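Trainee:
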Amino acid sequence: MSLDADDLFTELAYGARIAQEVTSGRWCVVSQLLRTGAVEQDTRPQLGGCSRFQEPRPSPVVLPSGVVTLTVDDLELLPSRHPQVKVCIAPMSLVARGLNILVPGGQKSALASVWVCVRPPTQITDSAEMFASVNASALRDGGPSADPVGQWIEQRRRAFSRLFHILTSDPRFSRLSKPLKSEAIAGMLVDMIQLAGRARRGGTPVELYLVDDAFHDEKLGTDLRRLLRYYYDNLSLAEQRALRRIYGSTLESWLVFAGIDGKEAS
């Protein structure tokens, strides 16, 4: 079939704009572009007709006085540019590994507490999480073998078994099997450890609050404490030691929260 050159160039320009905004971390702009298709094509009948993008329309929501908006690029400068701001609200996905708000002129964190208001969504079917689960399942019991071909065949079987399990599972967190729930919780835990670690820059004490009742509700088997215990109890002693070596006292705090004796078993 013949291609419309104008449409093709529009798509290329539109994709380039989105890629540029993603690289810059301006996720609000990306969201607006994806939601509204904020692109106006030049309709002049010529090959290679250009496309010009319109900036996203201002939000119709009127912000209360005293509230300021920031891009992720400006987050680190919050204390110096807006010293009157006492509370910062941001998506966890943006700040988990990049929340570096320091006291002006120093190297200590300017954060006193972190409040996780909504439990992060389960993303077990996203490509990165799914491939990590499949690979971990395949390699969990792997190692040197006198029969490398047989080892490879068994790992391949386990990989496809886990992939089938993920793809045929109901993606709702409460409907996932316990192993998949624990994997999802482990991913959330890493993000929250990263978040708390950023807030502890320079040895600053910080408190982490889990606000959403979904973290604590035991009715559907989705509460964080029991899933953490299940995940940790199913690790080998070597894996438990590796976690303690990597995350130190932060992990110990989570183990206490889950009712686990953080001391290494003899």
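Mapped onto this note's numbering, the consecutive letters of the sequence shown carry residue numbers 1086 to 1351.
We put the beta carbon where it would ideally sit given N, CA and C, even for glycine.
Bear in mind the structure is a predicted one, so any value in this text is a computation, not a measurement.
(1) Have a look at VAL1157, ARG1314, GLY1191, GLY1190 and flag the residue whose alpha-carbon is nearest the alpha-carbon of ALA1175.
(2) With C-beta atoms as the reference, is VAL1203 less than 7 angstroms away from ASP1297?
(3) Report all residues from its chain with a CB closer than 8 angstroms to the CB of ILE1251; omit the five preceding and five following residues, and keep chain order.
(4) What do you reckon, are the CB atoms on LEU1163 and ARG1283 nearer than 7 angstroms?
(5) Return the residue from the list VAL1172, SER1165, SER1230, ARG1247 that minimises the CA-CA distance to GLY1151.
(6) Taking a contact to mean a Cβ-Cβ separation below 7 angstroms, would you say ALA1281 touches THR1335 in this structure?
(7) For the candidate residues PRO1205, LEU1274, SER1230, LEU1322, whose alpha-carbon lies nearest to that of TYR1332?
(8) Return the CA-CA distance between GLY1228 and THR1154, expressed in angstroms with no decimal places.
(9) In or out: ILE1278 buried (at least 16 other Cβ within 10 Å) or exposed?
(10) Quick one: which unbroken beta strand (DSSP E) runs of 3-plus residues sit fully inside the stretch 1178-1207? Chain order, please.
(11) Based on Cα-Cα distance, which residue from VAL1291, SER1267, ALA1299 lies nearest to TYR1317?
(12) Does the stretch 1284-1296 come into contact with the stretch 1187-1203, if we say contact requires no fewer than three beta-carbon pairs (one atom in each stretch) closer than 8 angstroms?
(13) Let me confirm a value: ARG1286 is counted as buried when at least 16 other C-beta atoms fall within 10 Å, else exposed. Which label applies?
(14) Per DSSP, what are the beta-bridge partners of LEU1295 in this structure?
(15) What is the DSSP secondary structure of CYS1135, reduced to helix, strand or coil?
(16) Where does SER1254 fall in DSSP's three states?
(17) Give me the residue from HIS1167, ILE1270, TRP1200, LEU1179 with the minimum Cα distance to VAL1188.
(18) On the DSSP letters alone, give me the boundaries of the alpha helix (DSSP H) that GLY1272 sits inside.
Mentor: On the basis of the coordinates in this document:
(1) The residue you call residue 1175 lines up with position 90 of the sequence shown. When only C-alpha atoms are compared, the closest one is VAL1157.
(2) Along the sequence shown, read from residue 1 onward, the residue named residue 1203 stands at position 118. Along the sequence shown, read from residue 1 onward, the residue named residue 1297 stands at position 212. Yes, the pair counts as a contact, with Cβ atoms nearer than the cut-off.
(3) Residue numbering aside, residue 1251 sits at position 166 when the sequence shown is read from its first letter. Taking ILE1251 as the centre and dropping the five residues before and after it, the same chain places the C-beta of ILE1209, THR1210, MET1215, SER1218, VAL1219, LEU1265 closer than 8 angstroms to its C-beta, in chain order.
(4) Position 78 of the sequence shown, counted from the start, is the residue given in the question as residue 1163. Position 198 of the sequence shown, counted from the start, is the residue given in the question as residue 1283. Against a cut-off of 7 angstroms, the Cβ pair of ARG1283 and LEU1163 comes out as no contact.
(5) Numbered from its first residue, the sequence shown carries residue 1151 at position 66. Closest in C-alpha terms to GLY1151, from the list VAL1172, SER1165, SER1230, ARG1247, comes VAL1172.
(6) In the sequence shown, residue 1281 corresponds to position 196, counting from 1. In the sequence shown, residue 1335 corresponds to position 250, counting from 1. Contact flag set, yes.
(7) As a working mapping, residue 1332 is identified with position 247 in the sequence shown. Cα-wise, what sits closest to TYR1332 is LEU1274.
(8) Within the sequence shown, residue 1228 is the residue found at index 143, counting from 1. Within the sequence shown, residue 1154 is the residue found at index 69, counting from 1. Spanning the two alpha carbons is a distance of roughly 51 angstroms.
(9) For this step, residue 1278 is matched to residue 193 along the sequence shown. Result: buried.
(10) 1198-1201
(11) Mapped onto the sequence shown, residue 1317 falls at position 232. Among VAL1291, SER1267, ALA1299, the Cα nearest to that of TYR1317 belongs to SER1267.
(12) Remark: three or more beta-carbon pairs, one from each stretch, lie closer than 8 angstroms, so the stretch 1284-1296 and the stretch 1187-1203 are flagged as touching.
(13) In the sequence shown, the residue the question calls residue 1286 occupies position 201. It counts as buried.
(14) Here residue 1295 is taken as the residue at index 210 of the sequence shown, counted from 1. Answer by DSSP bridge pairing, in chain order: VAL1201.
(15) Within the sequence shown, the letter at position 50 stands for residue 1135. Bear in mind that a pLDDT of 35 at CYS1135, under 50, signals an unreliable position, so the number given afterwards is only what the model happens to contain. It is coil, neither helix nor strand.
(16) Here residue 1254 refers to the residue found at position 169 of the sequence shown. Three-state DSSP puts SER1254 in coil, outside helix and strand.
(17) On the sequence shown, residue 1188 is found 103 positions in, with the first residue counted as 1. Among HIS1167, ILE1270, TRP1200, LEU1179, the Cα nearest to that of VAL1188 belongs to HIS1167.
(18) Here residue 1272 corresponds to residue number 187 of the sequence shown, with the count starting at 1. Note, GLY1272: alpha helix (DSSP H), 1263-1284.
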